[in-house]
Amino acid sequence: MLEVHRTHRAKILNHSQVEEPLDRHGWSASKLWNVANYHSRQVWEDTGKIPDHSDLKDELKTHSKYKGLHSQSSQRVLEELAEAFTSWYQKRKSDDRANPPGYRKKNYYDNDGNRVHEEHPRSTVTWKQNGIRHDTKNNRVRLSKGANHKEHPKAWEYILVEYETRPGVEVEDLQQVRAVYDTAKKRWELHLICKDEIKTPNAPGNETAGIDLGISNFAAVAYSTKEADLYPGNRLKQDGYYFPKEIANCDDSGGDEATRLHKKWSERRTHFFHSLSKHIVQRCIAKGVGRINVGELEGIREDENGESKNWGKHGNLDLHGWAFDRFTSILTYKAKVEGIEVVEVSERDTSKTCSVCGRKDESQRIERGLYVCEECDAAFNADVNGAENIRLNINKESNSESAGQLSGDRSTGWLAQPAVYLYDLSSGFQPQEQVVDCKP
Ligand SMILES: [Zn+2]
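Here the sequence shown is numbered in my numbering, starting from 42 and rising by one per residue.
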């Protein structure tokens, strides 16, 4: 059996009754975020380190703002903040313009510049199992209030929410409830996260595919059918120029506009990763793939001094490593549901070795994306060559099908002429009409 989590969006039927307590909890989440954010910045200034969520919990669990939410809900806020600081910490190594996570409030000033009013946005509030009582018969959830909001008699220790999902959806084995405020509709809605078990599906076949992740081509995929696909990363790169510039132009780095831009940027990235994973998994099903090899990124992130290291074809790893990690985890999840295993294999020498004859050349010249082998006298797409080496898992000791053993009459044209899929926000990945002849 395979365990999956599904999120169902639900409309709140008794909105007018629960709006006020949900507002107060959303504001409490913002206030706790700000307190923890201030604390994290202090620790950062004093020690050059950032606290993780358990440090934050130890520090803040007796703080009055921690009691604005159920304890597990408060913990979730601290986890989110710690995650945001970690990703900032990674980004700032290569981009000194990167801003730390912002405060969640808006200040209003009078003409003399004195703050006259502050307003907190309604943050998403997450309830985990101890804070939820689910009445499946009547489609209701009781969500535990924070201690600060329990000033009423016992009947008011919970927020009782009546919900409605799309027809046909059954909410069972509820793990988490997230209350999310829709600023456009000025309404709260629920995201109900359920555990579901599905029968482990049979793999579509026994073939292996290889994926090489990189900058100019975000992914190159090699199949055992002597076919290869390229997925250029230009959309990600364009966003990587556009959004930081727009964010830098905002008056207030923690303000509404900057927050909106950060959110939009991250949504576009996530959408790209999901579409790409889906496209690759569908191609794998069609080609009878049961296993996908991806280059292992772990362990080469930092050198002994903890300094970030330029790592060749992948560009700056700090900037991109997290993107590859995020993509790999989405791919792993989508593949698993189809019975396909994703395995990380060593990337060592995969860009320096000819996937046809096995010749390894330390000074391998890669020109305009071409890998030129002096032994074979052939030119391949460099990323496809890498993907094919990863597919063959050339670093594995006992390897029945390794590079070099298949030389001879093996046709190599496909290594030079991969199919190219371009990304479009509305239609996903579409094949590029023209395939350029890569032969020099
Ligand atoms: Zn060769």
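Where is the CB? At the ideal position from N, CA and C, for every residue including glycine. Owing to the predicted nature of the structure, the values given are computational and were not obtained by experimental measurement.
- In the three-state DSSP reduction, I91 falls in the coil class, being neither helix nor strand.
- Contact check for P92 and S81: beta-carbon distance about 6 Å, within the 8 Å limit, so the pair qualifies.
- Nearest Cα to R400 within the set G380, I435 and K377: I435.
- Following the DSSP letters along the chain, one finds D176 inside the beta strand (DSSP E) bounded by residues I173 to D176.
- Within the segment 276-347, the alpha helix (DSSP H) runs of at least 4 residues that lie entirely inside it are, in chain order, 297-327.
- If the five residues before and after Q113 are omitted, its C-beta is found closer than 6 Å to the C-beta atoms of K169, N171 and G172, all from its own chain and listed in chain order.
- Taking a contact to require three or more Cβ pairs closer than 8 Å, the segment 234-243 and the segment 55-67 do not qualify as touching.
- According to the DSSP assignment, G251 belongs to the beta strand (DSSP E) that extends over E248 to L254.
- Within the DSSP bridge table, the entry for K401 names T394 as partners.
- Straight through space, the alpha carbons of K236 and L215 are spaced by roughly 6 Å.
- The beta-carbon distance between D292 and K147, rounded to whole angstroms, is 12 Å. This is too long to meet the 8 Å contact definition.
- By the criterion of at least three beta-carbon pairs nearer than 8 Å, the segment 369-377 is in contact with the segment 328-337.
- Y412: member of the beta strand (DSSP E) spanning L411 to C414, first to last residue.
- Rounded to the nearest angstrom, the gap between the Cα atoms of R50 and R301 is 22 Å.
- The Cβ-Cβ distance between H46 and I234 falls below 8 Å.
- Between V386 and I321, the CB-CB gap reaches or exceeds 8 Å.
- The Cβ atoms of L184 and Y204 lie no closer than 8 Å to each other.
- Nearest in C-alpha terms to P245, of all of G329, E382, N275 and R174, is G329.
- Taking L63 as the centre and dropping the five residues before and after it, the same chain places the C-beta of I200, A220 and W229 closer than 7 Å to its C-beta, in chain order.
- The DSSP-derived three-state label of R181 is strand.
- If you ignore the 5 residues before and after V461, its C-beta comes within less than 6 Å of the C-beta of L271 and Q473, all in its own chain and listed in chain order.
- In the DSSP assignment, R156 falls within the unbroken beta strand (DSSP E) covering R156 to E160.
- Of A139, E160 and P142, the smallest CA-CA separation from Y149 is found for E160.
- Note on H158: under 16 other CB atoms within 10 angstroms of its CB, so exposed under the neighbour-count rule.
- Taking 7 Å as the cut-off, one finds at least one heavy atom of ligand 1 near enough to the beta carbon of R400.
- K305 and P142 have their alpha carbons spaced roughly 15 Å apart.
- When DSSP states are grouped into helix, strand and coil, T266 belongs to the coil group.
- Per the coordinates, the alpha-carbon of E248 lies some 23 Å from the alpha-carbon of M42.
- A261 is positioned such that its CB atom lies closer than 8 Å to that of D424.
- If you check the CB distance, W455 and K278 do not come in under 8 Å.
- Separation of V397 and T453 (C-alpha to C-alpha, rounded to the nearest whole angstrom) is 8 Å.
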